[in-house]
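Residue numbers for the sequence shown follow the working numbering, beginning at 138 and rising by one.
The beta-carbon is built from N, C-alpha and C at its ideal position, and this holds for glycine as well.
All figures in this text were calculated on a predicted structure; none of them were measured in a lab.
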Amino acid sequence: MSTPAARLRTLRENAGLPGWWTDAELETFLQGQSIPKCKAERDRLEAVADLGCCICRVKGRGYRPAEVHHLRTRPDGQKYGAAERASHLETIPLCPTHHRLGPLGIAFHSGERTWEAQFFPELYLLEFTNSWLEIVSERTDPIPDGGRT
């Protein structure tokens, strides 16, 4: 009988799984939990959260700390199913109020259609976020307050 370490080594060699996964991450994957994110995805999630809420910014309320919202709308305009989730690259920054805590029409998860009618479609906000990330990444001068003003 093979040891757990030998099974993990065999999986890495034969299954095409990322070699940089730690044994703990691979065990998590094998137990059916969330797949660990690659560096590009981790960097994207961190950068999106650092932007602050895109709704608060657009509405002139300035920087508000953000959570990362995974889009519910596919790039083709169709909706993801209940058991599906957008990739970590299809994300926008929303403060807790605009993401999940606010009432109908304020929080996305309180009523998606009402929220989009009140604010903007998710795909528009994804384009806005991607453009914003490009601008921030091209800056060479320090941004006052980390770009939070």
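Opening and closing residue of the alpha helix (DSSP H) in which residue i lies
i    : result
I192 : C191 to V195
E259 : E259 to E275
L241 : Premise fails: L241 is in no alpha helix (DSSP H) and is neither H nor E.
T234 : Note, T234: premise wrong, no alpha helix (DSSP H); not H, not E.
E221 : Unbroken run through E221: none, as it is neither H nor E.
R201 : First-last for R201: undefined, no H or E at that position.
Rounded straight-line distance, which links the Cα of residue j to that of residue i
i    : j    : result
E249 : A143 : 47 Å
H246 : H207 : 11 Å
V185 : V205 : 7 Å
K196 : E221 : 30 Å
L188 : A203 : 7 Å
A223 : A254 : 21 Å
L182 : L226 : 8 Å
S274 : C175 : 19 Å
F257 : F265 : 10 Å
Close-in-space but distant-in-sequence residues of the same chain around residue i (CB under 8 Å, 5 per side omitted)
i    : result
N267 : none
C193 : G199, Y200, R201, C232 and H235
G214 : L260
C-beta neighbour in chain D for residue i, strict 9 Å
i    : result
L188 : No chain D appears in the structure shown, which is made up of a single protein chain.
Close Cβ partners of residue i (< 7 Å) along its chain, the five nearest in sequence each way excluded
i    : result
T234 : I243 and A244
R211 : Y217
Per DSSP, cross-strand counterpart(s) of residue i
i    : result
H206 : I229
K216 : T210
Contact set for residue i: own chain, Cβ-Cβ below 6 Å, skip 5 residues either direction
i    : result
L262 : C191 and I229
L241 : S247, G248 and T251
E259 : L208 and T210
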